[in-house]
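Working notes, structure below.
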Amino acid sequence: MKITRLSDNFTQITFLGILNCYLLRESDGFTLIDTTIKNRHKQILAAARTVGADIKRILLTHAHGDHMGSLDGLFDALGGTTDVAISERDAPLLRKDLSLRPGEPQQKPKGSLPGAKTRPTHLLEDGELYGSLRCYYTKGHTPGHMSFLDERDGTLIAGDALISMGELRPPSKPVWWFPLPKVATWDKPMALDAARKLAALPVTGIATGHGKFVRGGPEAITRAVAKAERR
Ligand SMILES: [Zn+2]
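When you line the sequence shown up against my numbering, it's residues 49 to 279, in that order.
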C-alpha cells in the first residue's frame, strides 16, 4: 500500500501499483472515495489513521469490483452506521441487478460486478452537492458512473471516466499495456462523451481509479480526448 498526500484535503491510497482510492477531508472527518478490491479494509482504515481522521462516509464512483470490493469490510469495521453513497443508476448494480432501462444501450454491463451486501444509504443525482463534492454523471464506463469535483480547489475525482496509467486517457482508449478499463467499459462512445463533459469543468487536478494524480485542468482532458479520437 502506498499513501500519497496530494494536498491538505486529499490523499491517494494505492494498492498493487494500479488500484486507487482516496481520502477527502471534510469538516467532520474523511469521505472515502472508492474502496479498491476485497480485503483491503484494514489497510484503508490504517491509512486514514495515519493521515489523521476517521472515515465518516463512503462514496463510490461506480459498482465495479475493483472500486467497491472492500465496501462490506469497511462498513462492518466502521460499525455498520456509515453513510454509503453511489449514483441512483449504479445502485442496482451494487445488488447485482444488471437490468437495463429504456433508452439505454441494450448491452450487458461489462467488467467485474460482484455486488455487495451493504446497501447504499444515499443515492446520488446528477448535479447534487455531496459535502464539498459536486456530483456529475459520467455514464459509459458503467450505466451510472459518476465523477466528483471538489468545489474548494478544483480537484476532480474521475473514477474510471479517465485513466492515468501511463498517460491520461478515456477508458475506451487506454494505453496498450493496460487494456483492462477498455474491456470493462459498457458503452465506449458514451464513455468518450463523458470525458468530453469533464473537460468543461473548472478542474485543477485529476484523480483517477488507475494511475497517478495529474496536475492539470481542462486542457489536459481535452488533449486526452483528442488523442483517443485520433486512434
Ligand atoms: Zn471500472
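Just so it is clear, CB atoms sit at the ideal spot from N, CA and C, and this is done for glycine as well.
- If you look at residue 81, you'll find it in the beta strand (DSSP E) that goes 77-81.
- Looking from the CA of residue 207, the closest CA among 80, 274, 64 belongs to 80.
- When the beta-carbon positions are compared, residue 82 and residue 59 stay at least 7 angstroms from each other.
- Pairwise C-beta distances place the stretch 130-143 in contact with the stretch 163-171, as three or more of them are shorter than 8 angstroms.
- Its chain contains 104, 105, 106, 169, 170 as the residues whose beta carbon lies nearer than 8 angstroms to that of residue 131, once the 5 sequence neighbours on both sides are disregarded; these appear in chain order.
- Annotation for residue 235 indicates a beta carbon at 6 angstroms or more from all heavy atoms of ligand 1.
- Taking C-beta atoms as the reference points, residue 209 and residue 220 fail to come closer than 7 angstroms.
- For the 7 angstroms CB-CB criterion, residue 241 and residue 153 do not form a contact.
- Counting only unbroken stretches of 3 or more residues, the beta strand (DSSP E) elements lying wholly within the stretch 103-190 are 103-107, 131-135, 170-172, 181-185, in sequence order.
- A Cβ-Cβ distance of about 6 angstroms is found for the pair residue 259 and residue 211, placing them in contact under the 8 angstroms criterion.
- By the Cβ neighbour-count rule, residue 75 is exposed, with fewer than 16 other Cβ atoms within 10 Å of its own.
- Going by C-alpha positions, residue 254 is about 31 angstroms away from residue 128.
- Residues of the same chain with a CB within less than 6 angstroms of the CB of residue 186, apart from the 5 flanking positions on each side, are 193, 195, 209, 242 in chain order.
- Straight across, the Cα-Cα distance linking residue 120 with residue 113 is about 12 angstroms.
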